[in-house]
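Participant: For the protein sequence lines, the chains are D and H, in the order given. For the first sequence, counting from 1, position 25 maps to 25 in my numbering; every step adds exactly one. For the second sequence, counting from 1, position 189 maps to 189 in my numbering; every step adds exactly one. Let me begin by handing over the structure; questions about it come next.
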Amino acid sequence: MAESKRPEGEREYWLDRSANVTKVFWAVVGVCALLGLLDFFYHKHAELGFDGSFGFHGWYGFVCCVFLVLAAKELRKLLKRDEDYYDR
Amino acid sequence: MIASLPPGLLLIVAALAIPFLPDVLRRAWTVVVPAAGLWALIVLEPGSYLAFAWFGAEFVPVRVDKLSLIFGYIFHIAAIISAIYALHVRDTVQHVAGMMYAGSGIGAVFAGDLVTLFVYWEAMAITSVFLIWARGGETAYRSGMRYLIVQIASGVLLLSGAILQAEQTGSIAFDKMALGNLATWLILLAFGIKCAFPFLHNWLQDAYPEATVTGTVFLSAFTTKAAVYALARGFPGTEMLIYVGAAMTAFPIFYAVIENDLRRVLAYSLNNQLGFMVVGVGIGTPMALNGAAGHAFAHILYKALLFMSMGAVLYRVGTIKGSELGGLYKSMPFTTVFCIVGAASISAFPLFSGFIAKALTLSAVAYEGYVVVWLILMFASAGVFHHSGIKIPYFAFFAHDSGKRCKEAPLNMLAAMGIAAFLCIALGVWSPALYSILPYEVDYEPYTPTHVIGQLQLLMFSALAFAVLIRYRIYPPELKSTNLDFDWLYRKGIPALIASVWPVLWAAWQGFLGALQGGLRTGIGAIVRLTGPEGTLARTWPLGSTTLWVAVLLGGFLLIYYL
């Protein structure tokens, strides 16, 4: 990640401090944990069966996104060209 | 008077007045006319209008039912919002093109026969291309030209299919068709091009990001959704569409992750959203068709909102490349909030419009037992959140501070974004507003614990994946780049092939011509030798040799006779 180019002397926003960004990260982790635990407390009306298993939507979403990004990263090796590729 | 004009035609006719109006009046005109059109539509009774027979064919220029109405409503709303967003623009061409384009789209969804549909279909192509060309410059010109060629080709296929259909069935009515003959395949192909089916899709990602700031907002609403309507009208329950749609939801999101031009990211995500609608059409049950139509309605609003927020960034900063943006929430706080509302809606967060619309399609897929398709759609849902929901706002407004400082978007842009954002939330909070105008009766409750918690888990764990990948620097950075897609074939591949094969072909042709010339020369020489002034056949033969030959012939004759 490139460094911040905030002009000198401008007021500092809450998100400018990296400690606060870390707080956001752990907040997301906390929300996920909470949502996972919620699965113990209600009866699921699964439409397909397996989608009612514990935490299915959570782990499926996580795995899908990691796969998506890693696959796209590999695809970049194959597909990436210079910005003016079509203008040459 | 307004009500007696066919829906859509009002906008097309009214657009002709724009060049002659003074500036202030023109601004009012571009907003009031679509609003009047919407009102006329609300009071219009369902039925067929203005039907006439011509050359033995039954034309139905206006057919009003619940399926055409929901698209008609949202097209008018999109026209109003886009017009407000474009109020500051002084280029008359864009205003005329925008209103005519909206009118053509509206006309298309009320067309009751294939020929009327064709007329509006081509009108959409011709009017919309000016929104791309208005950007100016070589890139926009060439991109617009490619766009126009593809769009016109779709129209030609539609007309060919319609003529064949009329030949075989004796009717040009635009109703449900069964795939099976050349006519219906041609029509499906025409719809498929405008709906950006896989391998027919690149005109969308090519052209939309090259249009003007305001033009892209218009473009995002009409063409592709008119195609979704046409599929829902003509080919509901065509099983092939389920798989085509599933493919459409999945493959564009890989491109969206690595694309740097944020308006192009949105174009890929638009393609993915169309996939959900196509799956709904393919399933074809009332619930699935409701899902497709409802999704189109909600989608037009949040996609326009996202394109508007990125347009505002492009307008103020002068670039929309993720690699050069970041930290803009400090300069454009309102645009940031509106963008996040659009992002939450497209990601189908509970209480936002995408949630109540997409849930219908997902449940319909599950009820019909398409497990693999359902898993693909869930993957695509997580992916949508990833690239449209997080990537777009993150790289434009947050990420690292790019040091860029600019003014907040103009007031009219903020107003347009505000209206769209309000509607996105209103539909999400109060689902009956959307469910009551769906084509079929709705018996569905989106806000059950299973749906809400399941969806929240899917989204938050996707967010977690993003957060982890960013935090541990695994996420691919935004890079200045062009990513090859299928359009490489006609932008580089075929031209390169022609360039490399052409010298060989040319040499072969030259060789052939040379050989032909040589052959002719030899042939003519032989003829000249035989029959020319000095030729064998032109000689005057002496009497003696003639007598000899006659004697030989007679001798031969005698010999054969006695044998």
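Where a beta carbon is used, it is the ideal one built from N, C-alpha and C, also for glycine. Remember, predicted model here, so these are calculated numbers, not experimental data.
Excluding the five sequence neighbours on either side, which residues of its own chain have a C-beta within less than 8 Å of the C-beta of residue 165(H), listed in chain order?
Facilitator: 114, 171, 172, 177, 183, 184, 187
Participant: For residue 80(D), does the three-state DSSP call read helix, strand or coil?
Facilitator: strand
Participant: Could you confirm whether any beta carbon from chain D is found closer than 7 Å to the beta carbon of residue 471(H)?
Facilitator: So, interface residue.
Participant: Mind pulling the chain H residues with CB within less than 8 Å of residue 30(D)?
Facilitator: Contact annotation for residue 30(D) against chain H: no contact, minimum CB-CB distance about 10 Å [criterion: below 8 Å].
Participant: Which one or two residues does DSSP pair with residue 483(H) in a beta bridge?
Facilitator: 80(D)
Participant: Tell me which residue opens and which closes the alpha helix (DSSP H) that residue 269(H) is part of.
Facilitator: 262-283
Participant: Check whether the stretch 380-390 of chain H touches the stretch 317-327 of chain H, counting contact only when three or more Cβ pairs, one atom from each stretch, lie closer than 8 Å.
Facilitator: Output reads no: the stretch 317-327 of chain H does not touch the stretch 380-390 of chain H.
Participant: Within the 7 Å Cβ cut-off, does residue 11(D) reach chain H?
Facilitator: no
Participant: Just mark residue 335(H) as buried or exposed, buried being the case when its beta carbon has 16 or more other beta carbons within 10 Å.
Facilitator: buried
Participant: To the nearest angstrom, how far is the alpha carbon of residue 13(D) from that of residue 135(H)?
Facilitator: 36 Å
Participant: Whose CA, out of 96(H), 88(H), 80(H), 518(H), lies closest to the CA of residue 20(H)?
Facilitator: 96(H)
Participant: Using C-beta distances below 6 Å, list every residue in its chain close to residue 116(H), excluding the 5 sequence neighbours before and after it, in chain order.
Facilitator: 61
Participant: Note down, in chain order, every chain H residue with its Cβ under 7 Å from the Cβ of residue 71(D).
Facilitator: Residues of chain H whose Cβ lies closer than 7 Å to the Cβ of residue 71(D) are, in chain order, 254.
Participant: Would the stretch 277-297 of chain H and the stretch 252-265 of chain H be scored as touching if the rule is three or more Cβ pairs under 8 Å?
Facilitator: Using a C-beta cut-off of 8 Å, the stretch 277-297 of chain H makes no contact with the stretch 252-265 of chain H, since fewer than three inter-stretch Cβ pairs fall below that distance.
Participant: Where do the ends of the beta strand (DSSP E) carrying residue 63(H) lie?
Facilitator: DSSP places residue 63(H) in the uninterrupted beta strand (DSSP E) bounded by 62-64.
Participant: Specify the secondary structure class of residue 185(H) as computed by DSSP and reduced to three states.
Facilitator: helix
Participant: With distance defined between alpha-carbon atoms, name the residue in 57(D), 51(D), 53(D), 21(D) nearest to residue 462(H).
Facilitator: 57(D)
Participant: Looking only at C-alpha atoms, which of 393(H), 279(H), 283(H) sits nearest to residue 313(H)?
Facilitator: 393(H)
Participant: Run through chain D and tell me which residues come within less than 8 Å of residue 258(H), C-beta to C-beta.
Facilitator: 72, 73, 75, 76, 79, 80
Participant: With 9 Å as the C-beta to C-beta threshold (strictly closer), list the residues of the stretch 458-483 of chain H near chain D in chain order.
Facilitator: 458, 459, 460, 461, 462, 463, 464, 465, 466, 467, 468, 469, 470, 471, 473, 474, 475, 476, 477, 479, 480, 481, 482, 483
Participant: Do residue 517(H) and the ligand NAP come close, with the Cβ less than 6 Å from some heavy atom?
Facilitator: Ligands in the displayed structure: none, and consequently the ligand NAP is not present.
Participant: Starting from residue 19(D), trace the alpha helix (DSSP H) both ways and give me its first and last residue.
Facilitator: 18-38
Participant: Does residue 41(D) come within less than 7 Å of chain H when only Cβ atoms are used?
Facilitator: No, residue 41(D) does not count as interfacial toward chain H.
Participant: In the DSSP assignment, find the unbroken beta strand (DSSP E) run with residue 58(H) in it and report its ends.
Facilitator: 57-59
Participant: So residue 363(H) packs on residue 352(H), CB below 8 Å; how close in whole Å?
Facilitator: Incorrect: roughly 18 Å between the Cβ atoms, too far for contact.
Participant: Ignore the nearest five residues each way along the sequence and tell me which others in residue 441(H)'s own chain have a CB closer than 8 Å to its CB.
Facilitator: 286
Participant: So which residues on chain H does residue 23(D) lean against when the C-beta distance must stay under 8 Å?
Facilitator: Within chain H, no residue comes near residue 23(D); the closest Cβ sits about 12 Å away, beyond 8 Å.
Participant: Restricting to Cα atoms, I'd like to know which of 521(H), 464(H), 277(H) is closest to residue 63(D).
Facilitator: 464(H)
Participant: Identify the continuous beta strand (DSSP E) that holds residue 49(H) and give its terminal residues.
Facilitator: 47-49
Participant: With a Cβ-Cβ cutoff of 7 Å, do residue 483(H) and residue 253(H) count as a contact?
Facilitator: no
Participant: How is residue 54(H) classed by DSSP in three states: helix, strand or coil?
Facilitator: DSSP places residue 54(H) within a strand segment (E or B) once states are collapsed to three.
Participant: Does residue 49(D) have its Cβ less than 7 Å from a Cβ in chain H?
Facilitator: Residue 49(D) does not count as touching chain H.
Participant: Taking Cβ to Cβ, would you say residue 109(H) is nearer than 7 Å to residue 55(H)?
Facilitator: Cβ distance not < 7 Å, so residue 109(H) and residue 55(H) don't count as in contact.
Participant: Determine the burial state of residue 9(D): buried for a count of at least 16 other Cβ atoms within 10 Å of its Cβ, exposed for fewer.
Facilitator: exposed
Participant: What does residue 321(H) pair with, by DSSP beta-bridge criteria?
Facilitator: 261(H)
Participant: Apply the 10 Å Cβ neighbour rule to residue 421(H) and answer buried if 16 or more other Cβ atoms are within range, or exposed otherwise.
Facilitator: buried
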